[in-house]
Each structure stands twice: as structure tokens, then as C-alpha cells.
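Student:
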């Protein structure tokens, strides 16, 4: 109000002193007067200490940063936003502790194309993780544990390890773009063959194994120089699209005389289209791996910023199969950050026929267990926070090729832990299924779930709790 | 014994091929009509001759058979071969010998792009030219091109060797020319002579990995910890 | 992700039957839908229009609305339209029209009712017939084996990022340029960017299919003075992604292949200048059953054009 300046206001009392106005020398919590509250606390939302140190790191390295484990992106909508709504008045529950609920799961049931579909006792199996990323002991323990509960494991990028073939009663053989150790004999000894076009942790890119893990046996199997930083191709060398892949699938069937199911594993990016194409190209089982999937090593930016969450991918994948009339013909497996039987049950309800666990299986083996704590500290981390798989210095002998470290993984007890975890997961699934009145876990459906948030409802098409309507536009 | 492919389902044709070979009979397959997936995973001690052109992956996962294709082969001839021998009378399409681990592929005509991609052993002899990105990410083994090479030859090799006795349009990423040693050339010419291709007047270019894509930089574990 | 083919006959002949055989041999590459762009004898005056009516119940109303729009643009039907008699709800229609005052304006207004009747091609010689299912089904439904013409394109589709519908399939007509058709194998990765640019230049797209973009892109360049060959050359560097596409008009048929050499193309060129081109060699073998020399267009960044037969004048 500039024109008021001509008539200045005068207090009816003497002007106060500065000291009286200030009242004190210091602010609340001891800060000097006149210093804003953000002074020592930072609080920039985009320039956090983490992002600042990332810029420092890149300026020094001249390349992207690399680590193992999975996404640290906290924007992911999670399965925790979904709950089950068991039977109350509208339907009858089954006795959780008494009446049985069938968990048998068949993958690749396609008469005429697959002579021996895979029959599992539970709807969970161990995900593909390579020998190379994992130690041979880890692979064997996963195999024995899976065999004890009547399920299977997968090989991974490194090819078929004899120890794993021996330990696993059922083994899916992975054919990755790099074709390490691709061998007719291994194909014929496998119970299924999985074509990999990507994985949830880092879709659109190939495998990565850093030099300190390319030990002599690993290098031998992969035909690589010892100690090289293996960066695999992402595209297959002899087919370049779903149209050619159709021909490749026929070749694999010819090689195995139409005995075993052909799987396709993909990272979740555009599942609605990707799954439809894969089904039309002729695969028997489609594995959709969401962004929360883990890996032994990856450029960090891919882990955090590529791929879509598992829970949003499953629904799209199921709808894609429904739309092209392939549901029931082609099996759908969900993977990517499944942590428990509860998560698995939600994936089944959303539309998966089975789930695959990777990181959870490793944790059951002993990953992040509070032993050898000094070694965690030497890595700069601690039990419960370690994600340093890429270094090959795993304190518990799982993601390492160092014999001294690998010795720490006791195969019998590790196998038993895996078996117990899978059993516990299955109990969780059946308990939920029975509470919802299902005599088989495969009858869990979207209607058994409710969303606790708009986001979860919008991403999955699950009805909002209470109001029983989906968030749509 | 002759098996006619023609219009019949490939599954039936392959079944007949396998049965005949199991009975110890060498066979010819006529009217292949450039169809895919003929002769997959054939065992050692067998001989098959395809009279005409075949489609993709002929002789794929070859496990010791001697296969003769009188005319052209499509993509991936002899892909993932472990051991054995495949001869192509005409042209071989993209990714000939893809990820093969042993054995020999001999193409009398040209080879398409990505010849020997991801190969892990064995030899590929191309009498004509090899196409774009040949030898891409090969691990081991030899690609021998008598007629020359197209762009990006021997791109991103892990290991292995590409020998070219004609003009090389351009080298791929992380590959380099090295001086061939006399004993290596001798060995090479011996192999070629066995295939009826002896010619001591050839001038060879030998291309191998320059190994600069082998490492990010240091292999020290501490360099890889998140900062 | 698909299979494509092209055929040129030196003398007018059963080009439809040849293309159907070529596409049937590539059926495994995609059977969501199959389509053909066939070039028959030149119509003496006006244009041949191929269209699809989405709902058989309203067929006569839709045809009437179409005719009304023609009249608004100084055109008319030359004769009674012919419609397919299959039981399907969507109806394939063939119409002969007089030349509109402005092709572009008429197409623009006709497209306003494309949800009822959608123009699939306009040409003096070109007829695009495309539908759901494999080559054999489409050929039988539309009687393509008897089509007499000089050249044509074929396409077998495995849908990638857009829906499966009779109209979202190839070949695409490069609206509003008469007689220009395209088939494409691959996936363009900067599709939306180019589509927006061309939309701002006034072009309209009927689908979300990247192949339609190529048809318009090439035609736009040609309308600004380039030859088909020059436009094909340019497309290799300007468009991103993986592609091999075949484009044809009355006089020339050509292809372009991307920088990465990922989508194959083989050809047979007969001594008398008939040709057959396809994604896979076994398709070409249905036309040339004896062992002929095959040209493998295998390398990166390739283009080539062939002259087509000079159109023969027959009664319209």
C-alpha cells in the first residue's frame, strides 16, 4: 500500500528494543536466530544424500553403477494392498485345519504337442538362477529342497550343472540368448525347455556376471575367458522376432521328439501384447517376471526403472490369454518378488497357474542370515540389508564362486530350509484358499480379493474393499 | 533309401529320417522345398543328403551326422552343432553355425549376416563372402571366408578367429587384425586342402578380439560395491 | 511380426492364386489375419474402392450414406456395389465410383463414417482385400484365386501392439494416394513420433498400426517430389526399429530393409522379368517349384525397386 507511506503509523508506546523482540538468543532446538529450519537437515526431495552421492559415483566411474538383488524403487504398488475376503454369509469356508485343498499343478498340458507335461505337487517352483551367479552348492541345495516337496527347479543362464540335474527330480533347462553350454544331451535330459527373452529385473537387456565370479568351472561351462566381465546378448542369435521364434520352437520340439513343454520367460513390460504373441507363437508355458524380480548383477538403473510390477502384469497376462482363447491351453506362471505363500496366493487369485520364487528361495537357503557378521561389515553392509550378490563375496556361500565361502553353505541343512519354506508357503496358500471355500488352490479368483487402495484397484481390476467396485474410468 | 519331404508334416519326415538312420541306413531326402527344421539332432555315424534347398535350422543340434545339402540353406544351418559335418552347395542364410561347439560347416556359396554368431568351437568354411556382423560375439572356433567379408566383421568377439582371404569391408567393434603365424596358415591350408580348396597363393587376414570389451575396468570386488 | 510377399507377372494372369499360395506357405508366421493388395486391369474412368462395412444389419443404410458423401464431392456410383455373401457380421464391399472433385476432401469426409463403412483402398487398379484368418480362409471367402492382374502384395499377420480386427491388418492403403499399398514385417520403434508429425501435416490414420505409418510416410515423401526408390532409401535412416516392407503402386514395386538386417527377404527374378518375393524361401518355392536361383536380400540397409507391368486396358 504505497500511498500509506505519506501517513506513517506511530505506536502509542515506545519502540521496542531488538532484544525484546527477539526474546531469546537461540531458536527452538538450539539453532542461531535467523537460521531456517532446513539448515542442517537438508530436505531437498530431489537432491537427497543418496542422489548426490550417485552423481559423485558416476563422475568417478564414468559408467553406470552395478549391483545385485532387486528394485529399490519405492513407487511400486505392492501385493500388500490386496487382501482376501474369505467366506462369510454368501459362501461356506472349508476347514482350514481339517479339510483338504488340492495343490497339484500341471504345466504344459497340450495333447499332441507335449507327451510329458510337468506335474508338480505344489503351485510353486524355484526360479531359474544360473550356476555362476550362484554357487554349485546353492544350486544343489535348491534342487534337493524342491525335490523333497515334489516340485522343480530351473537351470539359468549357465547351462545344466550335473549337481543340479542329480539333485532335482524335475529340471527345466533354460535356453538364453547367449546359448552358454547349449547341448543336445542336456536338452534331452531336461523336463522342460525355457526360451528366455528377458527377465523382470532388467527387461530388454542380457545377463551379467562380473569377472570375479567367472571362475574356472564357470568359464569352462560358458566358453569364456576366466575373469572376463560377461555381458550377454539380449537377442537370440538365430531368431529375431515372434514370427521366427515359431520356427525355433518347432526345432526344439523335433530335438526332444515332442516330449517336453516349451516355456517362454519374459520381463513384464507390455504383457497384454507380449503374452498374446508368445501364446500365438506356440509356447506351452509363459512365465511373466515382474519388476520386483531379482538378479545376481545388473546396472542399477535397470533394476529401479524398468519393467512393471508383478501384480499389474498378471492380470494383463491372464486377460491376454483369455482374449485369444488360450487360457487352459497355455499355462501362466508369475514371478518377481514373491515373498510368501500369501503373495503366491494373491498371484494365483489374480490369474497365475503357478508361481516361481527366486530371491525368497535364496533367503530360505540362508541369504542375509545373521552369521559371519564381520564379513557383512567388510562388504559395507549387515544381515538384513545385504544385496551385494554381484561381488561374489557372499558371506553365506550362496552367490559366490570362492571355495572358502561356498563351504559355509551346508547342503543338507540348506536343502531342508528350502523344503520347509516351500511347505510353509503351501500351507499359507491352502489356508487362504480354504477360508475362501476352495477345494483346490487353482480356484482362487479375482473375486476373492479386495483392494485397499485406488492404485491397487486401478492396476489390477480388483474391487475396492467394502464398496465392491473397481476403480475405473 | 529316399524319403520325400514335399508337402508332408515335418514331424513325419523327421520321424522317418530318425528311424532309417537308427536302422543304419544312409538316406537322401528329396523335395525339401526350403522347409524348416529338417534333420534336427542327428546322431554320429549317419549320413543324410538333402537334394535341393532347405529352410531354417537344417542340421540344428547336429550330434555327429554327415549332412549334405545340395543347394541353399536358410537361417541357422547347423546351429548348436556339437560335432559332425555339414556341406551346403549353395548359399547359407543368416546365423549359419550359430552357437556351434564343434564340427565343420562348409558352404560353397556366400553366407548371410551373423555367420558363426556366438559360436563356441568348430570351423566354418565359406567359399564366398560372409555377411554383415559375422562372427558376432563368438567365443572360440574359426570362421574362414575365402571370398571376403561385409561390414562389422568379427564384431565383439570374446575369442575365436575370423580368417578372410578377400577384402574386408569393415571391422566390427573390439576386433583387430593380427599377423598370421606360418604354422597357423599351414594348419588352415591343410584343412582347406582336405575340402578340395587348397590354394597356397591366398593372402590371409586374421581377425581376433581386441579384448577391450572384456572388462568394465577393474576386477577388484571393492570397485563394484555401491558407493 | 509376420510374413510378406510380392508377385509381378509380365503378362496379366492369376496373380491372386500365386499370392495366396505364397502366403499359405508362410501361415506359421501369423494367422491372425491375412491380406492382399491386387492390381487388376485399369478401370477406364473413375476408381475402384474396396471397403468394409462393420455391421451387416445396417449395410444398405451405410451404403446409402457412403453414396451421399460421394455425391457431395461430385462423384457417384457407377454401378451397384458388390458385397460378400458370407455369414460374417462385417461385410466386404467393392464399389466403382466416378472421380471425385478432390480425392483428399472426399476421403476425409468419407472417413468421418469409417466406424460404419471404412475405405480399405482406392485405385485405378489396386484392390485391397483383407480379413481375419489365414490365407486359405481369406482366399476362399473372397474368391481371390480367380483374380486376374499384373502384380500384388500379400501379408500374413501376427498382431504385435495393436488389436486383431479386419481393418487393423495389412496391406495398408496410403490414404489419400490412389493405388499405393504397403505390407510390412517388423516393428517401428519411433512410430508415435512420426505419426504425430504426419498428423500435424494433415494426414489421418485409421489404426494404431505402425505399418500404416510407413505407407503414409513414403507417399508423403513421394508427393513432395521424390521417386519411390529415393523415398525407400531415405526411410532406412529416418525411421527407427526393425523392418522390411514392400510398397507398390501401379508402376513400381519396391522394398526397404532396416539397418540391422533382421527381417529377411528372398526373391526369384525370372528371365522374362516376372518376380516373386517373400520373407521365406519356401513361399517362393510354391510359385517356382523347380530349383531356381534365389536372391537373398540378407544384408542391412537395402532397397530395390522393380517396374511392374504396364497396365492393360480392359473394359471396366
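Protein chains in written order, with my numbering: chain A, -17 to 455; chain B, 10 to 236; chain C, 214 to 529. All residues carry an ideal CB built from backbone N, CA and C; glycine is no exception.
#1: Assuming the contact rule is C-beta atoms closer than 8 Å, residue 441 of chain C and residue 467 of chain C should be a hit. Round their C-beta distance to whole Å, please.
#2: Closer than 9 Å by beta-carbon distance: list the chain C residues that pair up with residue 221 of chain B, in chain order.
#3: Spell out a yes or no on whether the segment 140 to 154 of chain A and the segment 111 to 124 of chain A are touching, meaning 3 or more CB-CB pairs, one atom from each, closer than 8 Å.
#4: Counting only Cβ pairs nearer than 8 Å, list the residues of chain B close to residue 378 of chain A.
#5: Might you give, ordered along the chain, the residues of its own chain that have their beta carbon closer than 6 Å to the beta carbon of residue 344 of chain A, omitting 5 neighbours on each side?
#6: Mapping DSSP to helix, strand and coil, what is residue 453 of chain A?
#7: Going along the chain, which residues of the segment 236 to 270 of chain A sit with their C-beta nearer than 8 Å to a C-beta in chain C?
#8: Are any of the Cβ atoms in chain A nearer than 8 Å to that of residue 241 of chain C?
#9: By the criterion of Cβ-Cβ separation under 8 Å, what are the contact partners of residue 117 of chain B in chain C?
#10: What is the residue span of the beta strand (DSSP E) that residue 371 of chain C lies within?
#11: Measure the alpha-carbon distance for residue 22 of chain B versus residue 74 of chain A and round it to whole angstroms.
#12: Please report the distance separating the alpha-carbon of residue 493 of chain C from that of residue 185 of chain A.
#13: Between residue 449 of chain C and residue 101 of chain A, what straight-line distance do the alpha-carbon atoms span, to the nearest angstrom?
#14: Can you name the residues of chain B whose CB is closer than 7 Å to the CB of residue 89 of chain A?
#15: For a contact meaning CB atoms closer than 9 Å, what does residue 133 of chain A contact in chain B?
#16: Less than 8 Å between CB atoms is the rule here; does residue 171 of chain A satisfy it with respect to chain B?
#17: Taking the alpha carbon of residue 395 of chain C as the reference point, which residue from C/447, C/382, C/402 has its own alpha carbon closest?
#18: Taking all protein chains shown into account, do 16 or more other C-beta atoms lie within 10 angstroms of the C-beta of residue 524 of chain C, making it buried, or fewer, making it exposed?
#19: Could you list which residues in chain A have their beta carbon closer than 8 Å to that of residue 475 of chain C, in chain order?
#20: Check each candidate in C/401, C/509, C/463 and name the one with the smallest Cα separation from residue 482 of chain C.
#21: Can you give me the C-alpha to C-alpha distance between residue 61 of chain A and residue 511 of chain C, rounded to a whole angstrom?
#22: With 8 Å set as the bound, which would you pick, yes or no: does the beta-carbon of residue 112 of chain B sit closer than that to a beta-carbon of chain C?
#23: Since residue 371 of chain C meets chain A, which of its residues come closer than 7 Å, beta carbon to beta carbon?
#24: For chain B, find out if any of its Cβ atoms is closer than 8 Å to the Cβ of residue 229 of chain A; answer yes or no.
#25: Is the separation between the beta-carbon of residue 118 of chain B and that of residue 137 of chain B shorter than 8 Å?
#26: Can you have a look at residue 265 of chain C and say buried or exposed, based on whether 16 or more other CB atoms are within 10 angstroms of its CB?
#27: Assess contact between the segment 263 to 283 of chain A and the segment 240 to 253 of chain A, defined as three or more Cβ pairs (one per stretch) separated by less than 8 Å. Is contact present?
#28: Would you check if the distance between the CB atom of residue 327 of chain A and the CB atom of residue 411 of chain A is smaller than 8 Å?
#29: Reducing DSSP to helix, strand and coil, say where residue 226 of chain B ends up.
#30: Once the 5 residues before and after residue 361 of chain A are set aside, which same chain residues still bring their CB inside 8 Å of it?
#31: Can you give the Cα-Cα distance for residue 101 of chain B and residue 310 of chain C, rounded to whole angstroms?
#32: Could you tell me whether the segment 283 to 290 of chain A touches the segment 206 to 225 of chain A, using the rule of 3 or more Cβ pairs below 8 Å?
#33: Is the beta carbon of residue 316 of chain A less than 8 Å from the beta carbon of residue 292 of chain A?
#34: So residue 145 of chain B and residue 126 of chain B are in contact, right, with Cβ under 8 Å, and what is the actual spacing, rounded?
#35: Cβ closer than 8 Å: which chain C residues qualify as neighbours of residue 165 of chain B?
#36: Using the three-state DSSP reduction, which class does residue 343 of chain A fall into: helix, strand or coil?
Tutor: The short version:
#1: Counted from its first residue, the third chain places residue 441 of chain C at position 228. Counted from its first residue, the third chain places residue 467 of chain C at position 254. The Cβ separation is near 5 Å, so the contact holds.
#2: In the second chain, counting from the first residue as 1, residue 221 of chain B sits at position 212. Within 9 Å Cβ-Cβ: nothing; residue 221 of chain B doesn't reach chain C, min ~23 Å.
#3: yes
#4: For the purposes of this step, residue 378 of chain A is taken as residue 396 along the first chain, with counting starting at 1. Under the 8 Å cutoff, chain B gives no residues; its nearest Cβ is about 16 Å from residue 378 of chain A.
#5: As a working mapping, residue 344 of chain A is identified with position 362 in the first chain. Closer than 6 Å at the Cβ level, and outside the excluded window around residue 344 of chain A, lie 380.
#6: Within the first chain, numbered from 1, the residue matching residue 453 of chain A stands at position 471. The answer is coil: DSSP assigns residue 453 of chain A none of H, G, I, E or B.
#7: 252, 255, 258, 259, 262, 263
#8: Translated into the one-based positions of the third chain, residue 241 of chain C becomes position 28. Chain A, which has a Cβ nearer than 8 Å to the Cβ of residue 241 of chain C, makes this yes.
#9: To locate residue 117 of chain B, count along the second chain from 1; it is residue 108. Here the premise fails: no neighbours, minimum Cβ distance about 14 Å.
#10: As a first step, residue 371 of chain C must be located in the third chain, where it is residue number 158. First-last for residue 371 of chain C: undefined, no H or E at that position.
#11: Taking the second chain and counting its residues from 1, one reaches residue 22 of chain B at position 13. Taking the first chain and counting its residues from 1, one reaches residue 74 of chain A at position 92. Cα to Cα, the separation comes out at about 56 Å.
#12: Working through the third chain from its first residue, we reach residue 493 of chain C at position 280. Working through the first chain from its first residue, we reach residue 185 of chain A at position 203. Taking the straight line from one Cα to the other gives about 29 Å.
#13: Along the third chain, read from residue 1 onward, the residue named residue 449 of chain C stands at position 236. Along the first chain, read from residue 1 onward, the residue named residue 101 of chain A stands at position 119. Looking at the two C-alpha atoms, the distance is approximately 49 Å.
#14: By 1-based counting over the first chain, the position of residue 89 of chain A is 107. Under the 7 Å cutoff, chain B gives no residues; its nearest Cβ is about 22 Å from residue 89 of chain A.
#15: As a first step, residue 133 of chain A is located in the first chain; it is residue number 151 there, counting from the start. Per Cβ cutoff of 9 Å: no residues; residue 133 of chain A is ~28 Å from chain B at best.
#16: As a first step, residue 171 of chain A must be located in the first chain, where it is residue number 189. No, because no Cβ of chain B sits closer than 8 Å to the Cβ of residue 171 of chain A.
#17: In the third chain, the residue the question calls residue 395 of chain C occupies position 182. Among C/447, C/382, C/402, the Cα nearest to that of residue 395 of chain C belongs to C/382.
#18: Along the third chain, one-based indexing puts residue 524 of chain C at 311. For residue 524 of chain C, the predicted structure reports a pLDDT of 49, less than 50, and the residue's modelled location is therefore unreliable. A value from the coordinates is still provided. The residue is buried, with at least 16 neighbouring Cβ atoms inside 10 Å.
#19: Taking the third chain and counting its residues from 1, the one referred to as residue 475 of chain C is at position 262. 222, 223, listed in chain order.
#20: Position 269 of the third chain, counting from 1, holds the residue named residue 482 of chain C. When only C-alpha atoms are compared, the closest one is C/509.
#21: Indexing the first chain from 1 puts residue 61 of chain A at position 79. Indexing the third chain from 1 puts residue 511 of chain C at position 298. Roughly 48 Å between the two C-alpha positions.
#22: Position 103 of the second chain, counted from the start, is the residue given in the question as residue 112 of chain B. For residue 112 of chain B, the answer is no, since every Cβ of chain C falls outside 8 Å of its Cβ.
#23: Here the question's residue 371 of chain C lines up with position 158 in the third chain. Those are 224, 225, 259, 262, listed as they occur along chain A.
#24: Within the first chain, the letter at position 247 stands for residue 229 of chain A. Closer than 8 Å to some Cβ of chain B, the Cβ of residue 229 of chain A qualifies, so yes.
#25: By one-based count along the second chain, residue 118 of chain B stands at place 109. By one-based count along the second chain, residue 137 of chain B stands at place 128. For residue 118 of chain B and residue 137 of chain B, yes; Cβs fall inside 8 Å.
#26: Numbered from its first residue, the third chain carries residue 265 of chain C at position 52. Answer is buried; the Cβ neighbour count reaches 16.
#27: yes
#28: Walking along the first chain from the start, residue 327 of chain A turns up at place 345. Walking along the first chain from the start, residue 411 of chain A turns up at place 429. Result yes, Cβ atoms of residue 327 of chain A and residue 411 of chain A sit closer than 8 Å.
#29: Position 217 of the second chain, counting from 1, holds the residue named residue 226 of chain B. Note: residue 226 of chain B maps to coil in three-state DSSP.
#30: Working through the first chain from its first residue, we reach residue 361 of chain A at position 379. Counting only Cβ-Cβ distances below 8 Å, and skipping sequence neighbours, we find 368, 370, 373, 375, 377.
#31: The residue given as residue 101 of chain B occupies position 92 in the second chain. The residue given as residue 310 of chain C occupies position 97 in the third chain. The straight-line gap from Cα to Cα measures roughly 50 Å.
#32: no
#33: Stepping through the first chain from its first residue, residue 316 of chain A is reached at position 334. Stepping through the first chain from its first residue, residue 292 of chain A is reached at position 310. Going by C-beta atoms, residue 316 of chain A is nearer than 8 Å to residue 292 of chain A.
#34: Translated into the one-based positions of the second chain, residue 145 of chain B becomes position 136. Translated into the one-based positions of the second chain, residue 126 of chain B becomes position 117. About 5 Å; that satisfies the 8 Å criterion.
#35: Reading the second chain from its first residue, position 156 is the one you call residue 165 of chain B. Simply none; closest approach about 14 Å.
#36: As a working mapping, residue 343 of chain A is identified with position 361 in the first chain. Of the three classes helix, strand and coil, the one that applies to residue 343 of chain A here is helix, per DSSP.
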